[in-house]
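What follows is one structure encoded as structure tokens, with my remarks underneath.
There are 2 protein chains.
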Amino acid sequence: MRFRWKGRIIFFATGNINKFNEARKVLAELDLAVAMIKVKALEIQSSSLNEIATASVEDAFSKCNLPIIVEDAGLFIDALNGFPGPYAAYVYKTIGNAGLLRLLRSERNREASFRSVIAYKSAEAEAPKLFSGDSHGIIVREERRGDGRSGFGFDPVFKPDESDKTFAEMGIEEKNLYSHRARALRSFAEWYRGL
Amino acid sequence: MRFRWKGRIIFFATGNINKFNEARKVLAELDLAVAMIKVKALEIQSSSLNEIATASVEDAFSKCNLPIIVEDAGLFIDALNGFPGPYAAYVYKTIGNAGLLRLLRSERNREASFRSVIAYKSAEAEAPKLFSGDSHGIIVREERRGDGRSGFGFDPVFKPDESDKTFAEMGIEEKNLYSHRARALRSFAEWYRGL
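What follows is the structure in structure tokens.
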């Protein structure tokens, strides 16, 4: 089976529709089409996003043999020694934004960074290629959502330095101006277009 | 190279000396010798200890080809939807006992369970064999250590139902009466002796 497609296409292995929608818009700006593909990719335990993304894309590629990207992201809070780090998704599911705010209730240091790592692998590439993006900001004192339709995960409590709004108070386009994920994706797309 | 050993011996892949010391004492009661072996075994992200331990023992066995066990443990707190679960080690390193107590400060439901899964693999066994042990108890309101030499991780805040002491207030032998790890190890050892 061959893909008939004039432009370039990339497959994004994720089960998270929010991540996919963000990626679709960023990559469209750079004339790159992206398709969501649900392969269950291995996620290892590690405090290194690079290690997690590398193992994950190797596994995803071995299952589908398509030019593929995976993304791994983490939220690193200074006053909590980097917690929740790469386990942000699990921590969100269990203690949520309320738990994070409780941990920081009497804390004056609110500094935090979101970090995204994109790993790419294709039949041509021997080793996975990695791209990263950061968004530095603060954890606000209470959840702030806009219309309630935007953002996911810890977005309602994270405000990037470049804005007065939390990620959840922004639409996708606005979030993509500042987000770790959009930055990592742009860095990937610029390299990929030059291939 | 051949091992000269009259009794039975098992290799425990771990980098955690506290876990090893607990295992050594439990297994000695059942005439089983255990050696600590430091192979860096894969740890996957999963909310299932069984999945984590299975992947881990497959990986460890492939690296050393010895009859081997690995252990994966988690702490599941009812009021926190199972947090920190299998990520107890990372959560301990970052927010520690203080963080856990803060999350539960105004919480009346203190119920929690430690769970341990032992996975065994040898050249003879096709698939890994799993054994589990649980310890049900409560998260106390503040850290309680005995002489300060016992326990590790969340032991100072966990009190099993069968005792008035936290795990950190007990010596190894006493902790082994009630602990999830000792229960899983005993279950493994009884099976292994019958092989």
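These protein sequence lines map, in sequence, to chains E and Y. Residues 229 to 423 (the numbering used here) make up the first sequence, in order. Residues 229 to 423 (the numbering used here) make up the second sequence, in order. Quick reminder that beta carbons are idealized off the backbone N, C-alpha and C, glycines included.
Can you give the beta carbon distance from A241 of chain Y to I272 of chain Y, rounded, assuming they're within the 8 Å contact cut? Here residue 241 of chain Y refers to the residue found at position 13 when the second sequence is read from its first residue. Here residue 272 of chain Y refers to the residue found at position 44 when the second sequence is read from its first residue. 15 Å between Cβ atoms; not a contact.
What would DSSP say about D306 of chain E, mapped onto helix, strand or coil? Taking the first residue of the first sequence as 1, we reach residue 306 of chain E at position 78. Looking at D306 of chain E - three-state DSSP - the assignment turns out to be helix.
Between K268 of chain Y and I245 of chain Y, what straight-line distance do the alpha-carbon atoms span, to the nearest angstrom? Against the second sequence, residue 268 of chain Y aligns to sequence position 40. Against the second sequence, residue 245 of chain Y aligns to sequence position 17. Cα-Cα distance, rounded: 14 Å.
Applying the 10 Å Cβ sphere with the 16-neighbour rule, what's the burial state of R336 of chain Y? In the second sequence, the residue the question calls residue 336 of chain Y occupies position 108. Looking at its Cβ environment, which holds fewer than 16 other Cβ atoms inside 10 Å, R336 of chain Y is exposed.
Mind checking which residues open and close the beta strand (DSSP E) that includes F359 of chain Y? The residue given as residue 359 of chain Y occupies position 131 in the second sequence. Unbroken beta strand (DSSP E) run through F359 of chain Y: K357 to I367.
If you compare alpha carbons, which of Y:V319, Y:R373 and Y:G381 is closest to D392 of chain Y? In the second sequence, the residue the question calls residue 392 of chain Y occupies position 164. Checked all of Y:V319, Y:R373 and Y:G381; the closest Cα to D392 of chain Y is Y:R373.
So with Cβ pairs under 8 Å, would you call L426 of chain E a contact of chain Y? Any property of residue 426 of chain E remains undetermined from this structure, which presents chain E solely from 229 to 423.
Mind listing which residues of the segment 318-342 of chain E have their C-beta closer than 8 Å to chain Y's C-betas, in chain order? Y318, V319, K321, T322, I323, G327, R330, L331 and R333
Assuming S275 of chain Y and G327 of chain Y form a contact by the criterion Cβ under 8 Å, report the distance between their Cβ atoms to the nearest whole angstrom. Working through the second sequence from its first residue, we reach residue 275 of chain Y at position 47. Working through the second sequence from its first residue, we reach residue 327 of chain Y at position 99. Incorrect: roughly 20 Å between the Cβ atoms, too far for contact.
Shortest alpha-carbon distance to V385 of chain E belongs to which of E:G379, E:A355, E:V368 and E:S341? Start at 1 with the first residue of the first sequence, and residue 385 of chain E comes out as number 157. Considering only alpha carbons, the answer is E:V368.
With a cut-off of 8 Å on the beta carbons, I'd call R409 of chain Y and E250 of chain Y a contact; round off their distance for me. Reading the second sequence from its first residue, position 181 is the one you call residue 409 of chain Y. Reading the second sequence from its first residue, position 22 is the one you call residue 250 of chain Y. At roughly 6 Å, the Cβ-Cβ gap stays under 8 Å, so R409 of chain Y and E250 of chain Y are in contact.
Which residue spans inside the segment 236-318 of chain Y form an unbroken alpha helix (DSSP H) run of at least 4? 245-257 and 277-292
From L358 of chain Y to V345 of chain Y, what distance separates their C-alpha atoms? Stepping through the second sequence from its first residue, residue 358 of chain Y is reached at position 130. Stepping through the second sequence from its first residue, residue 345 of chain Y is reached at position 117. Distance between the alpha carbons of L358 of chain Y and V345 of chain Y: 7 Å.
For A355 of chain E, which option in E:S334, E:V285 and E:F382 has the closest C-alpha, if you only look at C-alpha atoms? For this step, residue 355 of chain E is matched to residue 127 along the first sequence. When only C-alpha atoms are compared, the closest one is E:V285.
Opening and closing residue of the beta strand (DSSP E) in which A340 of chain E lies: The sequence position of residue 340 of chain E within the first sequence is 112, counting from 1. From DSSP, the beta strand (DSSP E) with A340 of chain E extends over E339 to K349.
Nearest CA to the CA of A396 of chain Y: which residue from Y:N325, Y:N293 and Y:F239? For the purposes of this step, residue 396 of chain Y is identified with residue 168 of the second sequence, where counting begins at 1. Nearest C-alpha to A396 of chain Y: Y:N325.
Can you tell me where the alpha helix (DSSP H) with K393 of chain E in it begins and where it stops? In the first sequence, counting from the first residue as 1, residue 393 of chain E sits at position 165. Per DSSP, K393 of chain E is not a residue of any alpha helix (DSSP H), being assigned neither H nor E.
Per DSSP, what kind of secondary structure is F416 of chain Y in: helix, strand or coil? The residue given as residue 416 of chain Y occupies position 188 in the second sequence. DSSP places F416 of chain Y in helix when its eight states are reduced to three.
Measuring only the C-alpha atoms, how far is R414 of chain Y from V254 of chain E? Here residue 414 of chain Y is taken as the residue at index 186 of the second sequence, counted from 1. Here residue 254 of chain E is taken as the residue at index 26 of the first sequence, counted from 1. Cα-Cα distance, rounded: 54 Å.
Pick out whichever of Y:S407, Y:V298 and Y:L405 has its Cα sitting closest to the Cα of S350 of chain Y. In the second sequence, counting from the first residue as 1, residue 350 of chain Y sits at position 122. Closest option to S350 of chain Y, Cα to Cα, is Y:V298.
Does any residue of chain E have a CB that is nearer than 8 Å to the CB of R277 of chain Y? If you number the second sequence from 1, residue 277 of chain Y lands on position 49. For clarity, residue 277 of chain Y is Leu in the given sequence; the question names Arg instead. With a threshold of 8 Å between beta carbons, L277 of chain Y makes no contact with chain E.
Give me, in chain order, the residues of the same chain whose beta-carbon lies closer than 7 Å to that of T394 of chain E; leave out the 5 immediate sequence neighbours on both sides. In the first sequence, the residue the question calls residue 394 of chain E occupies position 166. The answer, listed in chain order, is V368, R372, D383, P384, V385, F386 and K387.
What number of angstroms, rounded off, separates the C-alpha of F289 of chain E from the C-alpha of E279 of chain E? As a working mapping, residue 289 of chain E is identified with position 61 in the first sequence. As a working mapping, residue 279 of chain E is identified with position 51 in the first sequence. Taking the straight line from one Cα to the other gives about 16 Å.
Looking at the C-beta of F311 of chain Y, does it have a partner C-beta in chain E at a distance below 8 Å? To locate residue 311 of chain Y, count along the second sequence from 1; it is residue 83. With 8 Å as the cut-off, F311 of chain Y counts as an interface residue toward chain E.
With a cut-off of 8 Å, does the C-beta of L270 of chain Y fall near any C-beta of chain E? For the purposes of this step, residue 270 of chain Y is taken as residue 42 along the second sequence, with counting starting at 1. Yes, contact with chain E.
With burial defined as no fewer than 16 other Cβ atoms inside 10 Å of the residue's Cβ, what is the status of G422 of chain E: buried or exposed? Mapped onto the first sequence, residue 422 of chain E falls at position 194. By the neighbour-count rule (16 or more Cβ atoms within 10 Å), G422 of chain E is not buried but exposed.
Classify G310 of chain E: buried if its beta carbon has 16 or more other beta carbons within 10 angstroms, exposed otherwise. Here the question's residue 310 of chain E lines up with position 82 in the first sequence. By the 10 Å Cβ count, G310 of chain E comes out buried.
Listing by chain order, which chain Y residues have their CB less than 8 Å from the CB of L308 of chain E? Walking along the first sequence from the start, residue 308 of chain E turns up at place 80. Result: T322, I323 and G327.
8 Å is my cut-off, CB to CB: does Y406 of chain Y come that close to chain E? Within the second sequence, numbered from 1, the residue matching residue 406 of chain Y stands at position 178. Not an interface residue.
Is the separation between the beta-carbon of A281 of chain Y and that of A340 of chain Y shorter than 8 Å? As a first step, residue 281 of chain Y must be located in the second sequence, where it is residue number 53. As a first step, residue 340 of chain Y must be located in the second sequence, where it is residue number 112. No, these two residues do not count as a Cβ contact at 8 Å.
For H364 of chain E, which of E:L331, E:A263, E:I296 and E:G302 has the nearest alpha-carbon? In the first sequence, counting from the first residue as 1, residue 364 of chain E sits at position 136. Here the closest residue by C-alpha is E:G302.
Can you list the residues of chain E that Y420 of chain Y reaches, using a CB-CB cut of under 7 Å? As a position in the second sequence, residue 420 of chain Y is number 192, starting the count at 1. Near Y420 of chain Y there are no residues of chain E at all, since even the closest Cβ is about 27 Å away, more than 7 Å.
From the DSSP output, which residues share a beta bridge with L387 of chain Y? Sequence index remark: in the second sequence, residue 387 of chain Y carries index 159 (1-based). For the sequence presented, residue 387 of chain Y should be read as Lys rather than Leu. Paired residues: Y:I366.
How would you call R333 of chain Y, buried or exposed, if buried means at least 16 neighbouring beta carbons within 10 angstroms? Numbered from 1 along the second sequence, position 105 holds the residue referred to as residue 333 of chain Y. So R333 of chain Y counts as exposed.
Proximal chain E residues relative to Y315 of chain Y, where beta-carbon distance stays under 7 Å: Start at 1 with the first residue of the second sequence, and residue 315 of chain Y comes out as number 87. In chain order: Y315 and Y318.
Let's test the definition: count the other Cβ atoms within 10 Å of the Cβ of D375 of chain E and tell me whether it reaches 16, buried, or not, exposed. Residue 375 of chain E sits at position 147 when you count from the first residue of the first sequence. Counting Cβ neighbours within 10 Å, D375 of chain E comes out exposed, since fewer than 16 surround it.
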